[in-house]
Amino acid sequence: MKFTNIANGILLACLATSIQAASVELTSSNIERLTGSGTWLIEHFSPKCSHCIKLAPDWKKLSDESVSQETDFHFGAIDCLLQGDLCHDHDVDRWPTIQLWQQGQKVETYKGLHNYDSLKKYVNDKASKTLSDIEELEGQLEEEEDVQELEEIQEDDVPEDEGLQEEEEAPLLDLANPEGVSVNLDGAKMKEIATGSVPWFVKFYAPWCPHCKSLAPTWVELAKHFRGQVNIGEVNCEALRDVCTEYGVEGFPTLKMFGHGDAVSYKGDRSLASLVEFGNANAGPAVKQVTADELVTHLTVKDVALVYLHKGDIPDLIESVAKEFIATIPFYASQDEALLKKFDLKSSDLPIVLITKDNSHLVYTGNHDGFSKNSKSSRDTLIRWIEKEQYPLISKLGPSNHKSILQGNLPVVLNIVSSQDTASQSKFRDFASTWFKSTNSGSVIFAEMDRSMWKNYVLDKFGVIQADKSKIIIYDAPNFKYYTKDMNGKEFSIERPQELIQSLKNMKELSGASTLAFHQRLTVSAGSGLGWIFKHWFISFIGFTIMGSFIYRYLTFHGPTKLSHGLLPSYSRPAYSHKD
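Residues -21 to -1, 1 to 559 (mature numbering (1 follows the signal peptide of the UniProt record, and there is no 0)) make up the sequence shown, in order.
So, in structure tokens, the structure goes:
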């Protein structure tokens, strides 16, 4: 018995080792062996996931640092493209997902922000608890004198520890569609949805319906797009015929928005862009009032968001501007003073508008006192600022933002790339970061186009054919021109960032091509001419008057004789003889 006690004591002492120096690649063949002991923070990622790419440097920095020299705390990473079954077993349905595991068992899923500071605080907290648990268990072992008593302590310790974890775990916030998936709904859940005030966009379908099959992948993308914003669900009418009859379903698929009294039926086309537009228009208030914890949760799933911190009511100016950007940027408002520390503000700074993006925030420097007055000048100034700052470092072109980017007022640097080409995506991000640091300017948008999704568009618009390598294009959206070569006549390449920077700074010296057909160019030219005329109306009036007078002279008179020396010429008809 004493020998067994000593052996167990040695085993527990071995658990008190230093934290792993780097993140370990976990696979189905090694995960049980490696995670069977100790505490593990495991990142589930995909190489094509933009959020994973953004997290990678922080994850490496965190896993390379020593958190504690006395805790058996490890870092692991699972590539879900290569280990799909393993990620499925871990209930992973989005990337990145970070989970805490202890002794081979999942404890919880990390809910905080995906940045270094937030993860560092979380790891330090969990590592200190792990050390406390080990010390407590070691103390218990020292007091035991036989193996049976030791086993009883070990058996009792696990549920107590798990119960403590459940008490300390923060409650899940009421975040719409937190997983970014379409939920299978039954009759009971539908009654709750239909009588509640929470927006739900629901698809009623039949598995055999060809239109439903065509809609299925779009519906999946819709759920991903509305993660954290709008609940997405679906009802199988083959299995739940009574439920579908109760809600007036007469054909498949039937799409309805619930949460505002009577359900609103969707009657438009089934493109992702149209569904997104409908969802935004019927998802509730344009400005969502949230607490500090709710805001932090929302910001984990949105690349860009506008935050209005205030003390009183939300002014009409903010409400009206929010409706302008409802399809592209979520607007949040909060009176929670806990956010002052998060954004390094004082109470005297309120009210204030922020835009959060790329793990940082920008403060609106306009007249905040003007928020109470919904004047045209205040509104236009705020809108111009949001239009300038609404894009993250790298924008992923999708159904909700492609029009504002490709038909906007700023040049766009496009990286047409395969979603699997993470190396090119990372270099493109580094290039964009270098540009903004060197220029401190938001005068250029950097965007990625998934080659498979946009292949027809880029072929028609820029003549880009499918290729293995990424393709860089500078698109001068306001002037409908695009450029593929630098000032030396070489194709743009992410491998030559300095040439790209010089090209952006000297776009007028580049040789480009128009994206418009001949008749479209004529229309644009005519429109530009009319715009100049209306803008310079006085000069135009004088010019047209002079031109008209000369046309009148040559069409009406054969031999005009000047009568006066006024501002405008005056003429009289000469006398004619019979010979004329």
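All C-beta atoms in this analysis are idealised placements derived from N, C-alpha and C, irrespective of residue type, glycine included.
Alpha carbon to alpha carbon, how far is residue j from residue i? Give it in angstroms, no decimals.
| i | j | result |
| --- | --- | --- |
| N94 | E273 | 17 Å |
| K484 | P390 | 11 Å |
| G247 | F180 | 14 Å |
| V423 | G159 | 30 Å |
| V222 | R475 | 60 Å |
| K448 | A402 | 11 Å |
| residue 563 | K321 | No statement about residue 563 is possible, as the shown extent of the chain runs from -21 to 559 and does not include it. |
| H8 | Q399 | The question names His, yet the displayed sequence has Ser at residue 8. Using only the alpha carbons, I get a separation of about 24 Å. |
| W198 | M169 | 18 Å |
| R363 | I525 | 40 Å |
| V269 | A312 | 6 Å |
| L319 | S326 | 7 Å |
| G240 | S176 | 8 Å |
| S482 | K336 | 27 Å |
| K302 | S244 | 21 Å |
| Q314 | Q84 | 39 Å |
| S519 | S528 | 14 Å |
| V209 | N467 | 49 Å |
| Y101 | K469 | 48 Å |
| V342 | Y226 | 46 Å |
| H381 | E44 | 40 Å |
| I331 | L361 | 12 Å |
| A492 | G207 | 41 Å |
| A155 | S490 | 48 Å |
| E148 | K90 | Only weak support is given to the placement of E148: the predicted model assigns it a pLDDT of 34, under 50, and the value that follows is read from those uncertain coordinates. Whole-angstrom Cα-Cα distance: 10 Å. |
| A242 | T463 | 49 Å |
| L152 | E298 | Confidence at L152 is low in this model, with a pLDDT of 45, below 50, so its placement is unreliable and the value that follows should be read with caution. Going from the Cα of L152 to the Cα of E298 covers about 24 Å. |
| Y454 | N394 | 11 Å |
| L254 | G238 | 17 Å |
| E11 | R249 | 45 Å |
| G345 | D51 | 51 Å |
| S397 | G387 | 24 Å |
| F459 | D439 | 14 Å |
Would you mind sorting residue i into buried or exposed? The rule is 16 or more other CB atoms within 10 Å of its CB.
| i | result |
| --- | --- |
| Q369 | buried |
| A1 | exposed |
| A202 | buried |
| K487 | exposed |
| P371 | buried |
| Y531 | exposed |
| residue 566 | Nothing about residue 566 can be reported from this structure: the residues present for the chain run from -21 to 559 only. |
| R408 | buried |
| I365 | buried |
| F54 | buried |
| L534 | exposed |
| F183 | buried |
| G17 | buried |
| K416 | exposed |
| K355 | exposed |
| I444 | exposed |
| S339 | exposed |
| W516 | exposed |
| A317 | exposed |
What is the DSSP secondary structure of residue i, counted as helix, strand or coil?
| i | result |
| --- | --- |
| G527 | helix |
| N346 | coil |
| V423 | coil |
| Y101 | helix |
| W19 | strand |
| K182 | strand |
| D315 | coil |
| E366 | helix |
| I308 | coil |
| T463 | coil |
| P457 | helix |
| H93 | coil |
| A155 | coil |
| D359 | helix |
| L333 | strand |
Say whether the stretch 426 to 437 touches the stretch 55 to 66, bearing in mind that this needs 3 or more beta-carbon pairs closer than 8 Å, one atom from each stretch. Taking 8 Å as the limit for Cβ pairs, the verdict is that the stretch 55 to 66 does not touch the stretch 426 to 437.
Taking one C-beta from the stretch 210 to 217 and one from the stretch 157 to 164 each time, how about it: are there three or more such pairs within less than 8 Å? They touch, by the three-pair rule.
Kindly confirm or deny that the stretch 33 to 45 and the stretch 79 to 95 touch, where touching means at least three C-beta pairs closer than 8 Å. Judged by Cβ distances under 8 Å, the stretch 33 to 45 makes contact with the stretch 79 to 95, as three or more pairs qualify.
Given 8 Å, three or more beta-carbon pairs between the stretch 184 to 202 and the stretch 219 to 239: The stretch 184 to 202 vs the stretch 219 to 239: in contact.
Any 3 or more C-beta pairs closer than 8 Å across the stretch 302 to 312 and the stretch 279 to 289: Contact between the stretch 302 to 312 and the stretch 279 to 289 is present, because at least three Cβ pairs lie under 8 Å.
Start-end ranges of the alpha helix (DSSP H) lying completely within the stretch 194 to 245, minimum 4 residues: With a minimum length of 4 residues, the continuous alpha helix (DSSP H) runs that stay inside the stretch 194 to 245 are 220 to 225.
Contact the stretch 252 to 268 vs the stretch 73 to 89: 3+ CB pairs below 8 Å: Under the three-pair Cβ rule at 8 Å, the stretch 252 to 268 does not count as touching the stretch 73 to 89.
As an exercise, report each continuous alpha helix (DSSP H) stretch of at least 4 residues that is fully enclosed by the stretch 242 to 311, in chain order. Listed in chain order, the alpha helix (DSSP H) runs fully inside the stretch 242 to 311 are 251 to 260, 271 to 278 and 295 to 303, counting runs of at least 4 residues.
I'd like the ranges of any beta strand (DSSP E) spanning at least 3 consecutive residues and lying wholly in the stretch 28 to 91. Runs found: 52 to 58, 76 to 81 and 84 to 88.
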